[in-house]
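Peer 1: Numbering of the sequence shown is given in this note's numbering, commencing with residue 1 and proceeding in unit increments. Beta carbons are placed, not taken as given, at the ideal position from N, Cα and C, and that holds for glycine. Note that the structure is predicted; figures quoted are calculated from it, not measured. There's a structure below that I have some questions on.
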Amino acid sequence: MNGSTKSDTHSVQQTEDTLPPFSHEEKRRRNRADAIWRPLTLSIWSLQSYLILLLMQGIRSTKSSDQQTWVPILFICWQVTQLATSILGESYRFLLWSGVTLRQKTRLSGKHAPLVDIIVVSCGEERSVILDTLRSVCAQNYPNFRVLLGDDGNDDKLEEDIRQLGEVSPCELLYYRRPGKSGCKRGYKAGNMNAALAYLDTLSSERTEFCAFLDCDMIVEPDFLRATMGHLVQNPKAGVVVVPQSFYNLPLNDPLYSSMYIHNWQDQVERDTLGAVWETGPGVVFRRKAIEDMGGFDEWVLMEDIIAGMLLNGLGWESVLCYEQLQWGMVPDTFAGYIAQRKKWCVGTVRGAMIARFGFHSQKMSKLTWRQRTVQFWYCISPYVSSTQRTLLPLAFLLLVATKQPLIIPINFRLLRRMTVMIGVAYRIQFMVSGSLCSYHMVRRKMEAATWLSPYLFLVIVKELLPHWMAGVPMRFTPTQLLESNLLERDAKLRAPLWHRIVVTIVYQGLWYHLLVATIAVSMFYDGYAAAKSQRTADSVCLHLWSHILAPGGDWLVYGDLLAPLFYMIWPPTMPARRDMLEKSSCGKMEAWYPKRYYRQENWEWYGTLVKEVVMGGAYVFYLLVDRQFCT
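Next up, the structure:
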C-alpha cells in the first residue's frame, strides 16, 4: 500500500493503482476513442439534419405540380423521429467533455472495523446455489460482520443446512423467514430486504451502521467488504457503494448478450463520473442512515435497486462505484428466462420513472445536481426511446415502402446520394469507435440484442401504461434462478429436440413476430428491386432504387437482427454443470467455491459474429455494385 488515511478509528489504505484497472495503452485508446466519438456523433446528427432539409426542399418544389407528397412527408416525419431518438439516446454522454474519473484502489485495513450486516435474500432457489453463496460470504477477510439469509421460500431443509454450516462458519450465520406463504409474501424481494433489516434490529439495542445485500446466486470474493467499506468509511457523504456484476456461466460468444461488460466498464464508469451511479444491487453496501432517509426499499417497483440509488442521490447522498470484480453471479441459462428477466428490468425502469417523475420530483429529487438530473431523465426515458427506435420505426419504414410510392422527391439527386453514403460511412466509423471503448464483439452483440428484444419490451411498456382494467394482472417479481424453461437448450444431455425448440420458441415465446417481420422485409426488398429493374433506362432504375427501397435512412439489416434468437435455438451453446465451473477453496474448517479462471471472463471465438459481418459486407458490396451499374 502506498498511502493511508484515518477516519475516526478506522484505517483506510490506498494504492497508486487506479480503478477501473485499465493499462496505460488501454487508457490511451479509450481517450482517443472518446475524442473521436463526440465530434463524429455531432457530424452524423448534422448530416441527418441537412438531409432532412434537402428532403423538405424536394417537397416544396412540387407544390405547383400534381405529384402526391403525403408519403414523402411521412418519410420526413420518420427521419425526424429517427434523429430525435438518436439524440435522446446518446446526448447525456456529452456531459463528459473532460473524460471519466478514475478512482484509487482502496482497502479498509486493520483488525478494528465497523460491524456490517450482510443480508442474502432467497425465494426457492436451488439449495446448493444458496449455500455456495453463503460460504463465500462467510469467508470474508473482514474482522467484524454477521450474515443473515432472508428466506422467502420457507425451506425447512435449507434452514437445517444453514444451521450445520453455521457450526463451521468463521462468522455468525443467521436464518430468518418472515410470515406468509412462499412466493406470495408482501413486497417480494424488496419486502424481504425490509423485513430482514427489521429482524436484525430486534437482535440488539444498537442498530448497525452498515449493511450489505447480495442475491443468493452471487459468489463474493474475500476482499468484498474491505474494498467497499474503504470507500464508505473514507467518505461520510457516501450512502452506498456499488460493485459491478460479473457472471461465471456466460456461454461462448454470448449469443443473447447476457454480459454486462459494456454496462459495467463504460456506462457505469461514465455515470460515476457524473455522480449518478444508482443501480445498487446485488453486491451493494449501504449506510443504514441512507436507507432510513429514503424510507426503506420500495416494494412496488420490482427493481428496488435502481430507484434506491436514484432516491439517495435525490436526498443528497453520494453513490460510489467500486470498479473491482468482487462478485460472480449467474445469468439465466434459457431463452425464456432471459426474456422474463429483461421484461422485469424494463418494468422496474418504467415504474421507477413514475416514482421519480423522470428525475423532477419536487421533494424526492430536490437535491440532484443538474448533471444527475440529466442522467436520471435520460435513464427514465430510455425504454420509450428504445421502443420507438427499434420497434416502431422499422415497422413504419416497411409500411411506407409498402405504398410503392416514392419516399423522397430529389431536387439534387447527386448530392442526396453523397449525403446518404457519408452518413452510412460515418455510422460505421462510429460503431468501430464504440467497439474500441469496450469490445467490438460485445458492441455488435448489444446492438443485435437491443433490436430483437425490443418488441418484447414494447408490449411490456404498453401494458404498464394501460389502465388496470385493460392491462390485466400486473407483472410480479420472480427470482432470476426460478425463470426456468423445459427446453434446457444449453444442456447437451437434456435439451429438447431441434423441432421442439423451434416450435416452442416461435409459437409460445413470441418469435413468430420476428419471423413474420423479417420475412415481409425480405419479400418487400425483393419486390422493390424487381420493380426497379423493370424500368427502361439505367437512370430510371437508379432513381427508383434510391427513392424506394434504398431511400436514405432505411436500414434493412435490422430485420436480419430479429432472427438472432432463431439461430440461437438452432445452434444453442453448451454449458457445463455449475459446479464444474467452480473450484474449491477453504476458510478454516469451512470449504468455499469460487469461479475458475476461464469462467471469470467473456470468451469469444472468431466465428462469434461471422454471419453478421458477412451479411454486412454483402450489403456494402450490393450497394456499390448497384450504384456502379445504374447510377454512374
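#1: Less than 8 Å between the beta carbons of Val-284 and Phe-358, yes or no?
#2: Would you report the Cα separation of Pro-20 and Val-320, rounded to the nearest angstrom?
#3: Can you tell me whether Met-1 is helix, strand or coil according to DSSP?
#4: Report buried or exposed for Arg-351, applying the criterion of at least 16 other Cβ atoms within 10 angstroms of its Cβ.
#5: CB-CB under 7 Å to Arg-271, same chain, minus the five flanking residues each way: which ones, in chain order?
#6: Which stretch, first to last residue, makes up the beta strand (DSSP E) that contains Val-285?
#7: Judging by CA-CA distance, which residue of Glu-591, Lys-589, Pro-573 and Asp-580 is the nearest neighbour of Asn-603?
#8: At which residue ranges does the region 86-163 contain complete beta strand (DSSP E) runs of 3 or more residues, listed in the order of the chain?
#9: In whole angstroms, what is the alpha-carbon distance linking Arg-177 and Gly-124?
#10: Quick check: what's the CA-CA separation for Val-611 versus Ile-506?
#11: Please report the straight-line C-alpha distance between Gly-309 and Gly-435, rounded to a whole angstrom.
#12: Hey, is the region 502-517 in contact with the region 555-566, meaning 3+ C-beta pairs nearer than 8 Å?
#13: Since Gln-327 is in the beta strand (DSSP E), which residue starts that stretch and which ends it?
#14: Indicate whether Glu-279 and Ile-262 have their beta-carbon atoms separated by less than 8 Å.
#15: Let me check one thing: in DSSP terms, what residues is Ser-246 bridge-paired to?
#16: Of the residues Ala-190, Ala-336 and Glu-221, which one's Cα is nearest the Cα of Gly-348?
#17: Following the continuous alpha helix (DSSP H) through Ala-35, name the residue where it begins and the one where it ends.
#18: Taking 8 Å as the threshold (C-beta atoms), are Cys-542 and Cys-438 in contact?
#19: Suppose you measure from the CA of Ala-619 to the CA of Ala-426; what does that come to, to the nearest Å?
#20: Please go through the same chain and pick out, in chain order, the residues whose beta-carbon is closer than 6 Å to the beta-carbon of Ile-355, but skip the five residues on each side of it.
#21: For Phe-397, which of helix, strand or coil comes out of DSSP?
#22: Measuring only the C-alpha atoms, how far is Met-569 from Glu-489?
#23: Taking the straight line between their C-alpha atoms, what separation do you get for Pro-332 and Pro-576?
#24: Buried or exposed for Phe-247, please, with buried defined as at least 16 other CB atoms from any protein chain shown within 10 angstroms of its CB.
#25: Which residues in the same chain as Ile-502 place their Cβ atom closer than 8 Å to its Cβ, once the five residues preceding and following it in sequence are excluded?
#26: Buried or exposed: where does Glu-448 fall if 16 or more other Cβ atoms within 10 Å of its Cβ makes it buried?
#27: Straight-line CA distance for Ser-534 to Leu-96?
#28: Determine the extent of the beta strand (DSSP E) in which Ser-454 is found, giving its start and end residues.
#29: Can you grab the Cα-Cα spacing for the pair Pro-39 / Lys-493, in whole Å?
#30: Please report the distance separating the alpha-carbon of Ala-196 from that of Ile-219.
#31: Could you give the distance in angstroms between the alpha-carbon of Gly-337 and the alpha-carbon of Val-80?
#32: Can you grab the Cα-Cα spacing for the pair Gly-155 / Val-147, in whole Å?
#33: Quick one: what's got a C-beta closer than 8 Å to Lys-343's C-beta in the same chain, skipping five residues either side?
#34: Could you say if the region 236-255 and the region 594-603 meet the contact criterion of at least three C-beta pairs nearer than 8 Å?
#35: What three-state label does DSSP hand Thr-15 in the structure shown?
#36: DSSP state of Pro-72, grouped into three classes?
Peer 2: Looking at the atomic coordinates:
#1: Here the question's residue 284 lines up with position 284 in the sequence shown. Here the question's residue 358 lines up with position 358 in the sequence shown. Cβ distance not < 8 Å, so Val-284 and Phe-358 don't count as in contact.
#2: In the sequence shown, counting from the first residue as 1, residue 20 sits at position 20. In the sequence shown, counting from the first residue as 1, residue 320 sits at position 320. Taking the straight line joining both Cα atoms gives about 13 Å.
#3: Numbered from 1 along the sequence shown, position 1 holds the residue referred to as residue 1. Residue confidence for Met-1 is low, a pLDDT of 49 falling below 50, so the modelled location carries little weight and cannot support an answer.
#4: Start at 1 with the first residue of the sequence shown, and residue 351 comes out as number 351. With 16 or more Cβ atoms within 10 Å of its Cβ, Arg-351 is classed as buried.
#5: As a working note, residue 271 is residue 271 in the sequence shown. Annotation for Arg-271: Val-277 and Val-375 place their beta carbon closer than 7 Å to its own, counting only its chain and skipping 5 residues before and after.
#6: By 1-based counting over the sequence shown, the position of residue 285 is 285. Start and end: 284-287.
#7: Position 603 of the sequence shown, counted from the first residue, corresponds to residue 603. Ranked by Cα distance from Asn-603, the first of Glu-591, Lys-589, Pro-573 and Asp-580 is Pro-573.
#8: With a minimum length of 3 residues, the continuous beta strand (DSSP E) runs that stay inside the region 86-163 are 103-109, 116-122 and 145-151.
#9: For this step, residue 177 is matched to residue 177 along the sequence shown. For this step, residue 124 is matched to residue 124 along the sequence shown. So the two alpha carbons sit approximately 12 Å from each other.
#10: On the sequence shown, position 611 is the one that residue 611 refers to. On the sequence shown, position 506 is the one that residue 506 refers to. Rounded to whole angstroms, Val-611 to Ile-506 spans 21 Å at the Cα level.
#11: Position 309 of the sequence shown, counted from the start, is the residue given in the question as residue 309. Position 435 of the sequence shown, counted from the start, is the residue given in the question as residue 435. Our two residues, Gly-309 and Gly-435, have alpha carbons roughly 29 Å apart in a direct line.
#12: Segments in contact, yes.
#13: Taking the sequence shown and counting its residues from 1, the one referred to as residue 327 is at position 327. Run containing Gln-327: 327-329, per the beta strand (DSSP E) assignment.
#14: The residue you call residue 279 lines up with position 279 of the sequence shown. The residue you call residue 262 lines up with position 262 of the sequence shown. Their beta carbons are not under 8 Å apart, which means Glu-279 does not touch Ile-262 by this criterion.
#15: Counting from one through the sequence shown, the residue named residue 246 turns up at place 246. The beta-bridge partner set that DSSP reports for Ser-246 consists of Trp-328.
#16: Position 348 of the sequence shown holds residue 348. It is Ala-190.
#17: Taking the first residue of the sequence shown as position 1, residue 35 is located at position 35. First-last of the alpha helix (DSSP H) with Ala-35: 24-60.
#18: Working through the sequence shown from its first residue, we reach residue 438 at position 438. Working through the sequence shown from its first residue, we reach residue 542 at position 542. In this structure, Cys-542 does not lie closer than 8 Å to Cys-438 by Cβ.
#19: In the sequence shown, the residue the question calls residue 619 occupies position 619. In the sequence shown, the residue the question calls residue 426 occupies position 426. Linking Ala-619 to Ala-426 through their CA atoms gives a straight-line distance of about 16 Å.
#20: As a position in the sequence shown, residue 355 is number 355, starting the count at 1. For Ile-355, where only same-chain residues beyond five positions count, the Cβ hits under 6 Å are Ile-307.
#21: Along the sequence shown, one-based indexing puts residue 397 at 397. Look at Phe-397 here: in three-state DSSP terms it is helix.
#22: Along the sequence shown, one-based indexing puts residue 569 at 569. Along the sequence shown, one-based indexing puts residue 489 at 489. Using only the alpha carbons, I get a separation of about 7 Å.
#23: Reading the sequence shown from its first residue, position 332 is the one you call residue 332. Reading the sequence shown from its first residue, position 576 is the one you call residue 576. Computed Cα separation, rounded: 14 Å.
#24: Here the question's residue 247 lines up with position 247 in the sequence shown. With 16 or more Cβ atoms within 10 Å of its Cβ, Phe-247 is classed as buried.
#25: Locating residue 502 in the sequence shown gives position 502, counting from the first residue. Excluding sequence neighbours, Ile-502 sits near Leu-566, Met-569 and Ile-570.
#26: Taking the first residue of the sequence shown as 1, we reach residue 448 at position 448. Buried, because 16 or more other Cβ atoms sit within 10 Å of the Cβ of Glu-448.
#27: Residue mapping note: residue 534 aligns to position 534 of the sequence shown, counting from 1. Residue mapping note: residue 96 aligns to position 96 of the sequence shown, counting from 1. In this structure, the straight-line span from the alpha carbon of Ser-534 to that of Leu-96 is close to 52 Å.
#28: Here residue 454 is taken as the residue at index 454 of the sequence shown, counted from 1. It is not in any beta strand (DSSP E) - Ser-454 instead sits in the alpha helix (DSSP H) that spans 440-465.
#29: Along the sequence shown, read from residue 1 onward, the residue named residue 39 stands at position 39. Along the sequence shown, read from residue 1 onward, the residue named residue 493 stands at position 493. For Pro-39 and Lys-493, the distance between alpha carbons rounds to 52 Å.
#30: For this step, residue 196 is matched to residue 196 along the sequence shown. For this step, residue 219 is matched to residue 219 along the sequence shown. Approximately 20 Å between the Cα atoms of the pair.
#31: Here residue 337 refers to the residue found at position 337 when the sequence shown is read from its first residue. Here residue 80 refers to the residue found at position 80 when the sequence shown is read from its first residue. Computed Cα separation, rounded: 36 Å.
#32: The residue you call residue 155 lines up with position 155 of the sequence shown. The residue you call residue 147 lines up with position 147 of the sequence shown. According to the sequence displayed, residue 155 carries Asp and not Gly. Near 18 Å, if we compare the C-alpha coordinates of Val-147 and Asp-155.
#33: Taking the first residue of the sequence shown as 1, we reach residue 343 at position 343. So the list reads Tyr-456, Leu-457, Val-460 and Met-475, once near-sequence residues are dropped.
#34: The region 236-255 is in contact with the region 594-603.
#35: Taking the sequence shown and counting its residues from 1, one reaches residue 15 at position 15. Strand at Thr-15.
#36: The residue you call residue 72 lines up with position 72 of the sequence shown. In the structure shown, Pro-72 sits in a helix (DSSP, three-state: H, G or I).
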